[in-house]
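K.L.:
Residue numbers (our numbering): 45 to 355.
Dropping the structure in here first, questions after.
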């Protein structure tokens, strides 16, 4: 028993040394391959690192403030310093993203929707991680959606139609309930109530009219596809459901990370091009990942309770 306690103590000490080493972005990049190997080489190593990481998170050792992070500045443990450069394997080279490793030790981003009451009485709900601008005045009601999803219950105003502007298309309404999602280079628009007009800049036939229970996909491949859906599914993105059409694994993982609160990072060395088609529940990460592993060849490398590397 004493020996086991001693091993556990040593394991935790090494986990803490790894934590402080990996807390520095540059060191994390240089040592990720060895860190990953240490996590797998003995039972309990990964769990010890997770416990240490959570402990420091609770203490607020790493917090995002004004665009930068507070860090402990400690010397590298002597026993971890190699006299030679580490030879990069495929996985190690894939992780050359300092920002990615900087995010290893912060708490997961909130996966809650943001609900906004707009000046005209409309209500907009923005998906986690959405990037947008809102411009309302006496002449127009414009929302520029750059990334993510939005669900809108638009107040009627025939003099000032509301517009959701994206790069592939502009969605124009007078008063209705509808949803717009940006998925990679595609835009998806679904209608629950009222009538929605969509102007697709790149489509050969660029103007479409959507009725309740209709969905339109517009991509950068000059194609637009209109489909019928149950009216009850038109705003399902707000419940975490998202349909994908010929999406990349990166696009699905991006949406999954934002909606589930667990971060999934795809290695740049992942070169599978299997298109992802189907309807996924993004708030249940385990189920979605299980389906993705059947569709595409994925390997997972859990790093902490809140971050998983996919390669």
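Glycine residues also receive a C-beta, built at the ideal position from the N, C-alpha and C atoms.
What residues in its chain sit with their C-beta under 7 Å from that of residue 55, if we drop five residues either side in the sequence?
P.N.:
Here the set comprises 88, 89 and 92.
K.L.:
Return the bridge partner residues of residue 346 from the DSSP annotation.
P.N.:
Per DSSP, 352.
K.L.:
Based on the DSSP output, what are the partners of residue 186 in its beta bridges?
P.N.:
179 and 207, per the DSSP bridge assignment.
K.L.:
Please list, in chain order, all residues of the same chain as residue 59 whose beta carbon is under 6 Å from its beta carbon, the five residues on each side excluded.
P.N.:
Result list for residue 59: 92, 93 and 96, in chain order.
K.L.:
Using the three-state DSSP reduction, which class does residue 303 fall into: helix, strand or coil?
P.N.:
Three-state result, residue 303: helix.
K.L.:
Just to check my reading of the structure: residue 285 and residue 325 have Cβ atoms closer than 8 Å, yes? What is that Cβ distance to the nearest angstrom?
P.N.:
Contact flag correct, Cβ pair sits at about 6 Å.
K.L.:
Going by the beta-carbon positions, is the gap between residue 193 and residue 224 smaller than 9 Å?
P.N.:
Yes, they are a contact pair.
K.L.:
What span of residues does the alpha helix (DSSP H) with residue 329 cover, start to end?
P.N.:
Unbroken alpha helix (DSSP H) run through residue 329: 329-339.
K.L.:
Give the straight-line distance between the Cα atoms of residue 311 and residue 353, rounded to the nearest whole angstrom.
P.N.:
For residue 311 and residue 353, the distance between alpha carbons rounds to 7 Å.
K.L.:
Please identify the residue among 321, 215, 64 and 229 whose C-alpha is closest to the C-alpha of residue 239.
P.N.:
Out of 321, 215, 64 and 229, 215 has the C-alpha closest to the C-alpha of residue 239.
K.L.:
State the beta-bridge partners of residue 310 as determined by DSSP.
P.N.:
Note: residue 310 sits in a beta bridge opposite 354.
K.L.:
For residue 271 and residue 197, I'd like the C-alpha separation in whole angstroms.
P.N.:
Residue 271 and residue 197: Cα-Cα distance of roughly 22 Å.
K.L.:
For residue 270, which beta-bridge partners are listed by DSSP?
P.N.:
Paired residue(s): 260.
K.L.:
Roughly how many angstroms lie between the CA atoms of residue 172 and residue 79, to the nearest whole one?
P.N.:
Distance between the alpha carbons of residue 172 and residue 79 is about 31 Å.
K.L.:
Let me check understanding here. Comparing Cα to Cα, which of 170, 226, 351 and 255 lies closest to residue 263?
P.N.:
For the residues 170, 226, 351 and 255, the minimum Cα distance to residue 263 belongs to 226.
K.L.:
Our contact map puts residue 275 next to residue 254 with C-beta atoms below 8 Å; I'd like the distance itself, whole angstroms only.
P.N.:
The Cβ separation is near 12 Å, so there is no contact.
K.L.:
Would you decide whether residue 184 is buried or exposed? Buried here means 16 or more other CB atoms lie within 10 Å of its CB.
P.N.:
Its Cβ having fewer than 16 others within 10 Å, residue 184 is exposed.
K.L.:
Hey, out of 233, 228 and 229, whose CA is closest to residue 207's CA?
P.N.:
The shortest Cα separation from residue 207 among 233, 228 and 229 belongs to 233.
K.L.:
In whole angstroms, what separates the C-alpha of residue 249 from that of residue 242?
P.N.:
When rounded, the distance between both Cα atoms is 11 Å.
K.L.:
DSSP puts residue 227 in a beta bridge; with which residues?
P.N.:
DSSP output for residue 227 lists 230 as bridge partner(s).
K.L.:
What is the DSSP secondary structure of residue 316, counted as helix, strand or coil?
P.N.:
DSSP places residue 316 in coil when its eight states are reduced to three.
K.L.:
Taking C-alpha atoms, which residue in 296, 316, 341 and 204 lies nearest to residue 228?
P.N.:
Taking only the C-alpha atoms, the option nearest residue 228 is 296.
K.L.:
For the beta strand (DSSP E) containing residue 213, list its first residue and its last residue.
P.N.:
Unbroken beta strand (DSSP E) run through residue 213: 213-217.
K.L.:
List the whole-angstrom C-beta distance separating residue 244 from residue 278, where the pair is believed to meet the contact cut-off of C-beta under 8 Å.
P.N.:
Actually they are not in contact, since the Cβ atoms of residue 244 and residue 278 sit about 19 Å apart, beyond 8 Å.
K.L.:
Tell me whether residue 338 is buried or exposed, calling it buried when 16 or more other Cβ atoms sit within 10 Å of its Cβ.
P.N.:
Exposed: under 16 other Cβ atoms inside 10 Å.
K.L.:
Kindly list the residues whose CB is nearer than 8 Å to the CB of residue 175, restricted to its own chain and excluding five residues on each side of it in sequence; keep chain order.
P.N.:
Cβ within range, chain order: 189, 190, 191 and 192.
K.L.:
Quick one: grab the DSSP three-state call for residue 279.
P.N.:
Note: residue 279 maps to coil in three-state DSSP.
K.L.:
Taking 9 Å as the cut-off, decide whether the C-beta atoms of residue 201 and residue 164 are in contact.
P.N.:
Taking 9 Å as the Cβ cut-off, residue 201 and residue 164 qualify as a contacting pair.
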